[in-house]
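Trainee: Just so you know, we're using UniProt numbering here: the sequence shown kicks off at 1 and counts up by one.
Have a look at this one.
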Amino acid sequence: MDKKALVVEGGAMRGIFAAGVLDAYLDCGHQPFDFAIGVSAGASNLLGYLAKKRQRSYQVITELATSKHFYSLSRFAIGGNLTDVKWLSDASMEQYPIELDTLFNSIPLYAATTDIESGYAKYFRVSKENMSGVMEATTALPIAYKHPPCFAGGCFTDGAVADSIPVKEAYRRGARDITVILSHPLSYNMPESSSYWLMKRLLRDTPKVAETLATRAKRYNQALQFIRFPPSDATIRVIAPPENFPVKRLTRKRKLLDIGYAMGVDAGRQHVASLRGKERFSREECTACFAV
């Protein structure tokens, strides 16, 4: 039997859009999926959704990810972490706890990571036993986070390095009805990197990560092509921010984050309403309402 999957892209603070979409899903009681795959902030957002904890992701992003404990240029300047993802993960669980039984009695959640030895993507099913390490790994940006977590026989860095939008992985796992929540407008294509020499120097201890980063744009755009032109046996539903989405990767202004969150809530509600046939929208009114 064909499966339904939910795929959520990361994008650092851009994840506020997905936080809004997933809260709208909770408001509407919308969880038709057989499994979910998240990357970086996308995996974090899925924790709140699958644990049925409305606004948890919004609070984590606006209250914790904007904190100097998480993001600090001065700390980075003296050799520390630019982003302390271990602190963010621990503080999130402490200040905005979730019911683990609710989370793990839900559908399977997979998080993408990048193996630092091979540079290849590795997908972990999140469990009570591995959640701390996996959630740290999927958000552990190279260079910005100095000590990649090691577990399950390897060491890992941010999943977006190897697979920013794991829609092909969802298809490989048997999903033929796939909903993808993106962090950029539909018109976006990632530009090729022109700084491989710098990555190679900064990541000289993990050369495979540098190589994978150098070809990230190619894989990202290939994933977008897969979404735009899916296999004949698949339906892919896309929810993407509007062109005027104001949030960037490092945006910390609460007003802009609130606007981005509201855009996500609106897109999620429109998407569910369209699926249920309660409202009809044109493509211009609701880019989230149409399967590719």
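Cβ coordinates follow ideal geometry from the N, Cα and C atoms, glycine included.
1) Let me know the secondary structure DSSP gives residue 35 once reduced to three states.
2) Given a threshold of 16 other Cβ atoms within 10 Å of its Cβ, counted over all protein chains shown, does residue 111 qualify as buried or as exposed?
3) Report the residue from 92, 41 and 124 whose alpha carbon sits nearest the alpha carbon of residue 153.
4) Run through the segment 37 to 116 for me and flag every whole beta strand (DSSP E) of 3 or more residues, listed as ranges in chain order.
5) Rounded to a whole number of angstroms, what is the C-alpha to C-alpha distance between residue 65 and residue 249?
6) Could you tell me how far apart the beta carbons of residue 239 and residue 179 are, in whole angstroms, since I believe they sit closer than 8 Å?
7) Apply the 10 Å Cβ neighbour rule to residue 102 and answer buried if 16 or more other Cβ atoms are within range, or exposed otherwise.
8) Thinking C-alpha only, which one of 212, 48 and 245 is nearest residue 197?
9) Using a Cβ-Cβ cutoff of less than 6 Å, which residues in the same chain neighbour residue 220 once the five nearest sequence positions on both sides are dropped?
10) Let me make sure I understand the geometry here. Which of 11, 8, 132 and 20 has the alpha-carbon closest to that of residue 258?
11) If I follow the unbroken alpha helix (DSSP H) through residue 181, where does it start and stop?
12) Taking 8 Å as the threshold, find out whether the segment 257 to 277 comes into contact with the segment 72 to 84 through three or more Cβ pairs.
13) Taking the alpha carbon of residue 81 as the reference point, which residue from 48, 25, 145 and 94 has its own alpha carbon closest?
14) Could you say if the segment 218 to 234 and the segment 168 to 184 meet the contact criterion of at least three C-beta pairs nearer than 8 Å?
15) Residue 115 and residue 141 look like a contact to me (Cβ under 8 Å); what is the Cβ gap, rounded to whole Å?
16) Between which two residues does the alpha helix (DSSP H) containing residue 220 stretch?
17) According to DSSP, simplified to helix, strand and coil, what is residue 299?
18) Below 7 Å CB to CB, which residues in the same chain sit around residue 294 once its five sequence neighbours on both sides are set aside?
19) Just reading off the alpha helix (DSSP H) that residue 269 is part of, what are its end residues?
20) Leaving out the 5 sequence neighbours to the left and right, which residues in its chain are closer than 7 Å to residue 85 when beta-carbon positions are compared?
21) Within the segment 129 to 178, note down every full beta strand (DSSP E) run reaching 3 residues or more, in order along the chain.
22) Quick one, are the C-beta atoms of residue 32 and residue 4 less than 9 Å apart?
23) Might you give, ordered along the chain, the residues of its own chain that have their beta carbon closer than 6 Å to the beta carbon of residue 113, omitting 5 neighbours on each side?
24) Measure the alpha-carbon distance for residue 216 versus residue 129 and round it to whole angstroms.
25) Give the secondary structure of residue 200 by DSSP, where H, G and I count as helix, E and B as strand, and everything else as coil.
26) Determine the burial state of residue 94: buried for a count of at least 16 other Cβ atoms within 10 Å of its Cβ, exposed for fewer.
27) Mapping the DSSP letters down to three states, classify residue 245 as helix, strand or coil.
28) Out of curiosity, what's the CA-to-CA distance linking residue 295 and residue 148?
29) Name the two residues that bound the continuous beta strand (DSSP E) containing residue 123.
30) Considering residue 6, what are the terminal residues of the beta strand (DSSP E) in which it resides?
Mentor: In brief:
1) Numbered from its first residue, the sequence shown carries residue 35 at position 35. Three-state DSSP puts residue 35 in a strand.
2) Within the sequence shown, residue 111 is the residue found at index 111, counting from 1. Result: buried.
3) Start at 1 with the first residue of the sequence shown, and residue 153 comes out as number 153. Among 92, 41 and 124, the Cα nearest to that of residue 153 is on 124.
4) 109 to 115
5) Here residue 65 corresponds to residue number 65 of the sequence shown, with the count starting at 1. Here residue 249 corresponds to residue number 249 of the sequence shown, with the count starting at 1. Between residue 65 and residue 249, the C-alpha separation is close to 11 Å.
6) Locating residue 239 in the sequence shown gives position 239, counting from the first residue. Locating residue 179 in the sequence shown gives position 179, counting from the first residue. That pair is a contact at about 7 Å.
7) The count along the sequence shown starts at 1 and reaches residue 102 at position 102. Counting C-beta atoms within 10 angstroms of its own C-beta, residue 102 has fewer than 16 neighbours from the protein chains shown and is therefore classed as exposed.
8) Indexing the sequence shown from 1 puts residue 197 at position 197. The shortest Cα separation from residue 197 among 212, 48 and 245 belongs to 212.
9) Numbered from its first residue, the sequence shown carries residue 220 at position 220. Around residue 220: 164 and 190.
10) Sequence index remark: in the sequence shown, residue 258 carries index 258 (1-based). Looking at the Cα atoms, 20 is the closest of the given residues.
11) Looking up residue 181 in the sequence shown gives position 181. Run containing residue 181: none in the alpha helix (DSSP H); it sits in the beta strand (DSSP E), 175 to 181.
12) no
13) Along the sequence shown, one-based indexing puts residue 81 at 81. Answer by Cα proximity: 145.
14) yes
15) Looking up residue 115 in the sequence shown gives position 115. Looking up residue 141 in the sequence shown gives position 141. Contact doesn't hold; Cβ gap of about 15 Å is too wide.
16) Numbered from 1 along the sequence shown, position 220 holds the residue referred to as residue 220. From DSSP, the alpha helix (DSSP H) with residue 220 extends over 216 to 228.
17) Shown here, the chain extends from 1 to 292; a query on residue 299 therefore has no answer.
18) This structure gives no information on residue 294, because the portion of the chain shown stretches from 1 to 292.
19) Your numbering for residue 269 matches position 269 in the sequence shown. From DSSP, the alpha helix (DSSP H) with residue 269 extends over 254 to 275.
20) For this step, residue 85 is matched to residue 85 along the sequence shown. So the qualifying residues of the chain are 136, 139, 140 and 145.
21) 154 to 158
22) Walking along the sequence shown from the start, residue 32 turns up at place 32. Walking along the sequence shown from the start, residue 4 turns up at place 4. In contact: residue 32 and residue 4 (Cβ atoms closer than 9 Å).
23) Within the sequence shown, the letter at position 113 stands for residue 113. 122, 137, 138, 156 and 159.
24) As a first step, residue 216 must be located in the sequence shown, where it is residue number 216. As a first step, residue 129 must be located in the sequence shown, where it is residue number 129. Rounded to the nearest angstrom, the two C-alpha atoms are 30 Å apart.
25) On the sequence shown, position 200 is the one that residue 200 refers to. Helix.
26) What you label residue 94 is simply residue 94 of the sequence shown in a count that begins at 1. Flag for residue 94 reads exposed.
27) The count along the sequence shown starts at 1 and reaches residue 245 at position 245. The answer is coil: DSSP assigns residue 245 none of H, G, I, E or B.
28) In the structure as shown, the chain starts at 1 and stops at 292, and residue 295 therefore has no counterpart that could be examined.
29) Here residue 123 corresponds to residue number 123 of the sequence shown, with the count starting at 1. Start and end: 121 to 125.
30) The sequence position of residue 6 within the sequence shown is 6, counting from 1. Per DSSP, residue 6 belongs to the beta strand (DSSP E) from 3 to 8.
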